[in-house]
Amino acid sequence: MLLGLFETAGPALIFAGGGWLIIRGHIGLGTVVAFITLLRRLYQPASQLAGLHVDLVTSYAYFERVFSVLDLTPSIVDGPDARPFPTARGAIEFRDVSFAYGRGTTDAVSHVSLRIEAGETVAIVGGSGSGKSTLAALLPRLYDPTHGAVLIDGIDIRTITLASLRSHIAVVHQDTYLFHGSIEDNLRYAKPEATLAELVEAARAAQIHDFIQTLPDAYGTIVGDRGYQLSGGERQRLAIARAILRNPRILILDEATSALDSVNEGLVLAALEPLLDGRTSLVIAHRLSTVMNAHRIVMLDHGRIVAQGTHDELSKQSHAYADLVRRQTLVAV
Ligand SMILES: Nc1ncnc2c1ncn2[C@@H]1O[C@H](COP(=O)(O)OP(=O)(O)OP(=O)(O)O)[C@@H](O)[C@H]1O
Ligand SMILES: [Mg+2]
């Protein structure tokens, strides 16, 4: 404010004072003009310096917000005697597991008992909100059950360190997030030490290599928020390539609900084959094709298991399952 006033009134004062000095013959006109020109050059940095204070106060407020988030302690942490879990066969057991998101809310998963053998693919089906994603989230301990226990190879996962538990599990999610960076960076996120040859091999297995080759900078193409936008199917195959790179014992696949065209659908299915092979997989399936390929199907309703078996068994025995297929909730392709 003061600086602004001085900037406006300053030259007038200097002309008045300078004019008087010129008349008295003390200085020349050139000196006054040069003085004012130089003074103007001084104003700009001086007012910038004054603005700096405002910027600093604003940034300080932002930093406080950021650090308050960074300082949050996660509710799920390693127990005092948590041990690493170096090798896993990958047999999973949900033992009478219930989970509610909040105190007093109804259970999103209710008394689920389910064994999945090592190497088995189990499809989880059910209407929207039936608890499929929630059940899967209990495995990498995004939440802990409010009742019961989840075991891998007979060990309660709460006794394993989070880092080693999660190193055995890969999740291919409903909507995969790609961060702003090259395709290569996005793939390497899954395995930082991977060589380019490994990345290409994983991309080939996930049926996305040929597509990447058609992009302007191939593996160097920038994707993400402000980069090249990939379609849902392409993002999903990139996510599958990431999971192949991680090479986990246990795989959780939360299939995208959005319909893919038949070309993309075929590519995604082909990409899934090497990923599911030999791993314990929990597949939340929205497509009949994926369900048919599973060893076993488990149907959830309001968080409870209401039926399980193969597609043929369930089609005959379970009205609810036949209904699900008929209502096209499971999209046949
Ligand atoms: N973060 C959350 N906080 C509170 N409630 C939640 C949260 N996530 C899910 N729920 C609720 O838990 C229940 C089960 O949700 P979940 O996401 O597991 O369903 P879903 O079977 O995966 O459905 P969809 O097929 O639509 O993905 C729903 O009633 C849902 O509203
Ligand atoms: Mg879901």
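In the working numbering, each residue's number is its place in the sequence shown (first place is 1) plus 5. Just so you know, even glycine gets a beta-carbon here, dropped at the ideal spot from N, CA and C.
Given a cut-off of 9 Å, decide if residue j and residue i are closer than it, judged by their beta-carbon atoms.
{"i": "THR164", "j": "GLN241", "result": "no"}
{"i": "ASP149", "j": "PHE184", "result": "no"}
{"i": "ILE174", "j": "ALA223", "result": "no"}
{"i": "ALA210", "j": "ALA276", "result": "yes"}
{"i": "HIS116", "j": "GLY153", "result": "yes"}
{"i": "LEU170", "j": "PRO145", "result": "yes"}
{"i": "THR126", "j": "HIS300", "result": "yes"}
{"i": "THR342", "j": "GLY23", "result": "This structure cannot speak to residue 342, because the chain is shown only from 6 to 338."}
{"i": "LYS196", "j": "LEU250", "result": "yes"}
{"i": "ARG247", "j": "ASN191", "result": "yes"}
{"i": "SER286", "j": "MET304", "result": "no"}
{"i": "GLY134", "j": "LEU329", "result": "no"}
{"i": "GLY159", "j": "GLU98", "result": "yes"}
{"i": "ASP306", "j": "ALA325", "result": "yes"}
In angstroms, rounded to a whole number, what distance separates the CA positions of residue i and residue j?
{"i": "THR63", "j": "SER73", "result": "16 Å"}
{"i": "SER172", "j": "ILE255", "result": "9 Å"}
{"i": "THR226", "j": "ALA208", "result": "14 Å"}
{"i": "SER236", "j": "PHE216", "result": "11 Å"}
{"i": "ASP317", "j": "MET297", "result": "9 Å"}
{"i": "ARG309", "j": "VAL228", "result": "40 Å"}
{"i": "ILE61", "j": "GLY15", "result": "Correcting the residue identity first, residue 61 is Leu in this sequence and not Ile. Distance between the alpha carbons of LEU61 and GLY15: 28 Å."}
{"i": "ASP302", "j": "VAL71", "result": "For the sequence presented, residue 302 should be read as Ile rather than Asp. Straight-line Cα distance between these residues: approximately 44 Å."}
{"i": "SER80", "j": "LEU147", "result": "10 Å"}
{"i": "TYR233", "j": "ALA66", "result": "34 Å"}
{"i": "VAL311", "j": "ILE157", "result": "23 Å"}
{"i": "GLU12", "j": "LEU34", "result": "20 Å"}
{"i": "LEU143", "j": "VAL155", "result": "8 Å"}
{"i": "TYR106", "j": "ARG332", "result": "29 Å"}
{"i": "THR92", "j": "PRO253", "result": "11 Å"}
{"i": "ALA96", "j": "VAL82", "result": "23 Å"}
{"i": "ASP112", "j": "HIS178", "result": "23 Å"}
{"i": "PHE90", "j": "ALA168", "result": "9 Å"}
{"i": "SER320", "j": "GLN218", "result": "43 Å"}
{"i": "ARG94", "j": "ASP161", "result": "14 Å"}
{"i": "HIS214", "j": "THR151", "result": "43 Å"}
{"i": "HIS58", "j": "ASP76", "result": "26 Å"}
{"i": "GLN313", "j": "ARG100", "result": "16 Å"}
{"i": "PRO50", "j": "LEU44", "result": "11 Å"}
{"i": "LEU54", "j": "ALA21", "result": "28 Å"}
{"i": "SER52", "j": "GLU69", "result": "27 Å"}
{"i": "ILE28", "j": "LEU10", "result": "27 Å"}
{"i": "PRO221", "j": "GLU206", "result": "20 Å"}
{"i": "GLY30", "j": "ALA39", "result": "17 Å"}
I need the boundaries of the beta strand (DSSP E) containing residue i, first residue and last residue.
{"i": "ASP101", "result": "97-104"}
{"i": "TYR118", "result": "Checking the sequence, you will find Ser at residue 118 rather than Tyr. 114-121 is the extent of the beta strand (DSSP E) around SER118."}
{"i": "VAL311", "result": "309-314"}
{"i": "ASP342", "result": "Missing from the structure shown is residue 342; the chain here goes from 6 to 338 and no further."}
{"i": "THR78", "result": "THR78 -> no beta strand (DSSP E), and no H or E assigned at all."}
{"i": "THR285", "result": "285-289"}
{"i": "ARG193", "result": "No beta strand (DSSP E) holds ARG193; the alpha helix (DSSP H) holding it covers 188-193."}
{"i": "LEU305", "result": "301-306"}
Within its chain, find whatever has a CB closer than 8 Å to the CB of residue i; leave out the 5 residues flanking it on each side and keep chain order.
{"i": "GLY283", "result": "GLY124"}
{"i": "VAL273", "result": "GLN212, GLY238, GLN241, ARG242, ILE245 and LEU265"}
{"i": "LEU201", "result": "GLU189 and TYR224"}
If I measure Cβ to Cβ from residue i and keep anything under 7 Å in the same chain, skipping five residues before and after, which residues do I get?
{"i": "ARG193", "result": "ALA199 and LEU204"}
{"i": "ILE289", "result": "ILE129, LYS137, SER138, ALA141, LEU258, ASP259 and GLU260"}
{"i": "TRP25", "result": "none"}
{"i": "ILE41", "result": "PRO16 and ILE19"}
{"i": "ALA87", "result": "THR164, ILE165 and THR166"}
{"i": "ASP230", "result": "HIS185"}
Mind checking which residues open and close the alpha helix (DSSP H) that includes residue i?
{"i": "GLY131", "result": "No alpha helix (DSSP H) contains GLY131, which DSSP labels as neither H nor E."}
{"i": "ARG171", "result": "167-172"}
{"i": "ALA207", "result": "201-210"}
{"i": "SER294", "result": "293-298"}
{"i": "LEU329", "result": "324-331"}
{"i": "ALA248", "result": "237-251"}
{"i": "HIS152", "result": "No alpha helix (DSSP H) contains HIS152, which is instead part of the beta strand (DSSP E) from 152-157."}
{"i": "ASP2", "result": "Because the chain here runs from 6 to 338, residue 2 falls outside it and cannot be looked at."}
Note down, in chain order, each residue of its chain lying with its Cβ closer than 6 Å to the Cβ of residue i, except the 5 sequence neighbours on either side.
{"i": "TYR48", "result": "GLU12"}
{"i": "ILE32", "result": "LEU26"}
{"i": "VAL176", "result": "ILE257"}
{"i": "PRO279", "result": "ALA210"}
Give a yes or no on whether 9 Å exceeds the smallest Cβ distance from residue i to chain D.
{"i": "ALA210", "result": "Given the protein chain composition of this structure (a single chain), no chain D is represented."}
Beta-carbon distances below 5 Å to any heavy atom of ligand 1 define the shell here; list its residues in chain order, please. Any residue whose Cβ sits closer than 5 Å to a heavy atom of ligand 1 makes the list: TYR106, ALA113, SER133, GLY134, SER135, GLY136, LYS137, SER138 and THR139.
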